[in-house]
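At position 54 of the sequence shown the residue is numbered 51 (our numbering), and the sequence of numbers has no breaks.
Just so you know, even glycine gets a beta-carbon here, dropped at the ideal spot from N, CA and C.
Notes follow the structure.
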Amino acid sequence: MAMLICCADPDITRRWLEGIDTLDSVRCIRDAAGIDELRVDPTPSPALIDLEAPGIGGTEAAVALCRRHPQIAFIFLSSRPETAEGLTLIGAGGRGYCNRYILPELLHKAVEVVAMGEVWLGRRLVEQLLKNQGRAPAPAVDGKAMAGYIALTPREREVARMVAHGASNKVIARSLGISERTVKAHMSAIFGKTETRDRLQLGLLARSWPLDDAAQEAARTKVQ
């Protein structure tokens, strides 16, 4: 898989390279002008874009970049990630948004996720999205959503509902009086039983679940 990095800071570039050292080829450029010149080259995918790189310098230029090159899977990295900025860039066609100082192993995962056609968002942005979703009307319950709900234990449902409200593992652990390791174990089980890939997908699914046991039983009969 080819890869593009647009960053003028050599230290940051080296840090990112640590996270993608297993990729076939990487092309590093220092400014956005180099991206526009790629029109005659094979399209790299994904592309890591430093929002502080020359020619980028912020949200507006990054949005314009997405519009000029809709075929490139851009992952934008910011030194000060903001929910509004992340939503704007993803809405403009960006495929990822995270902290400029992301750990190399997390960056590797982000690149893999985006390469598979998914969207990668930093944990705080996902939590904020779920909190915002929590203010909207819940979606209708469907059979698949209920099947996942029924498969969970009461504690797993409790954890999943907290995720749906944007709670982090640390907050969940503190609220339930359990360790973060236990929360992570619950999360792994929940992802498997509900066939969800990440907290955002789980949170959106959990918002369609019934609020009480009576509603659960009614939906259980409907699923069967």
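How far does the alpha helix (DSSP H) with residue i in it extend, from its first residue to its last?
i, result
"residue 11", "7 to 16"
"residue 62", "56 to 65"
"residue 27", "From DSSP, residue 27 is part of no alpha helix (DSSP H); its letter is neither H nor E."
"residue 152", "151 to 161"
"residue 196", "196 to 203"
I'd like the list of long-range same chain contacts for residue i, defined as Cβ closer than 7 Å, with 5 residues on each side in sequence excluded.
i, result
"residue 10", "2, 4 and 25"
"residue 101", "12, 15 and 16"
"residue 202", "142, 145, 191 and 193"
"residue 97", "9, 47, 74, 75 and 76"
"residue 169", "156, 159 and 180"
"residue 133", "Bear in mind that a pLDDT of 49 at residue 133, under 50, signals an unreliable position, so the number given afterwards is only what the model happens to contain. If we look at residue 133 and ignore the five residues flanking it on each side, it has no Cβ neighbours."
"residue 88", "none"
"residue 175", "none"
Once the 5 residues before and after residue i are set aside, which same chain residues still bring their CB inside 6 Å of it?
i, result
"residue 8", "none"
"residue 93", "72, 107, 111 and 117"
"residue 52", "28, 29 and 30"
"residue 173", "none"
Just curious, the beta strand (DSSP E) that residue i is in, first and last residue?
i, result
"residue 46", "44 to 47"
My understanding is that residue i touches residue j, with C-beta atoms under 8 Å, so please give their C-beta distance in whole angstroms.
i, j, result
"residue 190", "residue 149", "6 Å"
"residue 63", "residue 31", "The pair is not a contact, with the Cβ atoms about 16 Å apart (cut-off 8 Å)."
"residue 95", "residue 114", "Not quite, the Cβ-Cβ distance comes to about 17 Å (not below 8 Å), so this is no contact."
"residue 105", "residue 152", "Actually they are not in contact, since the Cβ atoms of residue 105 and residue 152 sit about 32 Å apart, beyond 8 Å."
"residue 48", "residue 55", "7 Å"
"residue 60", "residue 85", "7 Å"
"residue 29", "residue 50", "6 Å"
"residue 188", "residue 197", "Contact flag wrong, Cβ pair sits at about 12 Å."
"residue 33", "residue 65", "7 Å"
Between which residues of its own chain and residue i is the CB-CB distance below 8 Å, once the five residues before and five after are set aside?
i, result
"residue 103", "16 and 95"
"residue 67", "90"
"residue 99", "16, 74, 107 and 119"
"residue 167", "177"
"residue 58", "29 and 52"
Inset, instruction - Within the stretch 71 to 116, note down every full beta strand (DSSP E) run reaching 3 residues or more, in order along the chain. - result: 71 to 75 and 93 to 96
Inset, instruction - Tell me, please, whether the stretch 159 to 169 touches the stretch 61 to 81 by the rule of three or more beta-carbon pairs shorter than 8 Å. - result: no
Inset, instruction - Can you check the stretch 163 to 193 for any alpha helix (DSSP H) of at least 4 residues that lies completely inside it and give the ranges in chain order? - result: You should have 166 to 173 and 177 to 191.
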